[in-house]
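In this text, residue positions in the sequence shown follow this note's numbering: the first is -3, and each later residue adds one.
Just below is one structure, and these are the notes that go with it.
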Amino acid sequence: MEIAARGLGTATSRSGERLLGVAALLALGLSATLSLVVAPPDALQGEVQRLMYVHVPAAWLAYLSFFVVFVSSVAYLRTSRIRWDRVAAASAEIGVLFTALAIVLGALWGKPVWGTWWTWDPRLTTTAMLLLIYIGYLAVRRITDNPTRRARWSAVIGVVGFVDVPIVHLSVVWWRSLHQQSTVLRLGGPQIEGSMLTALLVAVGAFTIVFAYLMAVRLRVGRLEERAAREALSPRLGEVEEAGR
């Protein structure tokens, strides 16, 4: 935990944040080039298949975000250190954003391929449930102003809610589904053309760097918000003490 905390402190420093920002821009530029220029269109789906290079990384980023929420929630319950609660809250916000993006992109992809924007397919249904769970997580954080109580309640939801992530991923294996099964992480190796696979892996890597950058920015903003709240509260505490004398 201490090693992770030190690494997190380095990554969220201003110099670390700037480095991550530059790396994210370069990685996204490379990803766009490979996805739009180098990789060929799909033989059956045509150009619309290029949505894969954003849809799949967005889903991956949602998984990653909620895994970070899970780990940080466990760390908070074990140590009661508020820094882990801050990490969990920041990662949950990013996860909700990219889960929603994955759903929207999936709808745009599904319309020309399936003929409908939405269907109660197991993958889509469990993903919608995942979005609702973590919207609920963020809502719970607004219920109380007590930071300890808020962190404890949120940590419990962050641990329990993560159960839906493997359910989402394995839903296409467990149930009959319109959604295609995994073409990369599967027995027998990836079932995807080489340049497409390269473009997809680079896109996933680029989005992972974007996640790290967004986390650094959100944690810095969170620290500024907490400092502003303490400064706003300090004069009021002084007034209460004066009134009590």
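A virtual CB, placed ideally from N, CA and C, is assigned to each residue, including glycine.
Through-space distance from residue j to residue i, alpha-carbon basis
i: threonine 204; j: leucine 57; result: 7 Å
i: valine 52; j: aspartate 38; result: 15 Å
i: arginine 74; j: valine 164; result: 27 Å
i: arginine 79; j: leucine 127; result: 24 Å
i: arginine 216; j: tyrosine 209; result: 11 Å
i: glutamate 238; j: aspartate 141; result: Low confidence applies here, because glutamate 238 scores a pLDDT of 47, under 50, leaving its location unreliable; read the following figure in that light. Whole-angstrom Cα-Cα distance: 24 Å.
i: lysine 107; j: leucine 174; result: 12 Å
i: leucine 101; j: glutamine 45; result: 11 Å
i: alanine 228; j: glutamate 222; result: 10 Å
i: threonine 115; j: proline 143; result: 40 Å
i: leucine 104; j: glycine 42; result: 14 Å
i: valine 168; j: proline 118; result: 7 Å
i: proline 162; j: leucine 120; result: 14 Å
i: threonine 123; j: tyrosine 59; result: 10 Å
i: leucine 196; j: leucine 220; result: 36 Å
i: alanine 277; j: glycine 12; result: Missing from the structure shown is residue 277; the chain here goes from -3 to 241 and no further.
i: valine 189; j: tryptophan 170; result: Going by the sequence as given, residue 189 is glutamate instead of valine. Rounded to the nearest angstrom, the two C-alpha atoms are 26 Å apart.
i: arginine 241; j: serine 76; result: Confidence is the limiting factor: at arginine 241 the pLDDT is only 48, short of 50, which leaves the residue's position unreliable and the question unanswerable from this model.
i: serine 9; j: arginine 172; result: 47 Å
i: alanine 225; j: leucine 166; result: 43 Å
Per-residue burial, residue i [other beta carbons within 10 Å of its own, 16 or more giving buried]
i: threonine 95; result: buried
i: isoleucine 129; result: buried
i: valine 156; result: exposed
i: leucine 40; result: exposed
i: glycine 132; result: exposed
i: alanine 55; result: buried
i: valine 92; result: buried
i: leucine 233; result: Interpretation of leucine 233 is limited by its pLDDT of 46, a score under 50 that renders its predicted location unreliable; the figure taken from the coordinates is listed afterwards. It is exposed - the Cβ of leucine 233 has fewer than 16 other Cβ atoms within 10 Å.
Contacts around residue i, its chain only, beta-carbon distance under 6 Å, and the 5 residues preceding and following it disregarded
i: aspartate 81; result: Tyr72 and Ala147
i: valine 83; result: Ser68
8 Å contact criterion, which residue i and residue j should meet: CB distance rounded
i: leucine 30; j: threonine 194; result: 6 Å
i: phenylalanine 158; j: phenylalanine 62; result: 6 Å
i: alanine 98; j: leucine 134; result: Not confirmed; about 17 Å, so no contact.
i: valine 34; j: serine 191; result: 6 Å
i: leucine 24; j: alanine 202; result: 5 Å
i: methionine 282; j: aspartate 160; result: The shown model of the chain, from -3 to 241, leaves out residue 282, and the question about it has no answer.
Neighbourhood of residue i by C-beta, 8 Å cutoff - its chain only, sequence neighbours within 5 removed
i: alanine 199; result: Ser27, Leu30, Ser31, Tyr49, Val50, Val52 and Pro53
i: isoleucine 139; result: Arg146 and Trp149
i: glycine 218; result: Arg82, Ala85 and Ala86
i: leucine 47; result: Leu101, Leu104 and Trp105
i: proline 36; result: Glu189, Ser191 and Met192
Contacting residues, own chain, Cβ-Cβ under 7 Å from residue i (five flanking each side not counted)
i: arginine 137; result: Ala85, Arg146 and Ser150
i: valine 236; result: Its pLDDT being 44, under 50, valine 236 is placed unreliably by the model, and nothing is read from it.
i: valine 18; result: none
i: tryptophan 113; result: Ala103, Gly106 and Lys107
Among the options, the one whose alpha carbon lies nearest that of residue i
i: valine 152; options: Gly12, Ser69, Ser9 and Leu24; result: Ser69
i: tryptophan 110; options: Thr121, Gln176 and Val169; result: Gln176
i: glutamine 90; options: Ala19, Leu197, Val213 and Leu220; result: Reading off the sequence, residue 90 comes out as isoleucine, not glutamine. Among Ala19, Leu197, Val213 and Leu220, the Cα nearest to that of isoleucine 90 belongs to Val213.
Residue-level contact to chain C via CB, residue i, 8 Å cutoff
i: glycine 12; result: This model lacks chain C altogether; it includes just one protein chain.
Closer than 7 Å: residue i CB and nearest the ligand GDP heavy atom
i: arginine 145; result: In the structure on display, the ligand GDP does not appear, and there are no ligands present to speak of.
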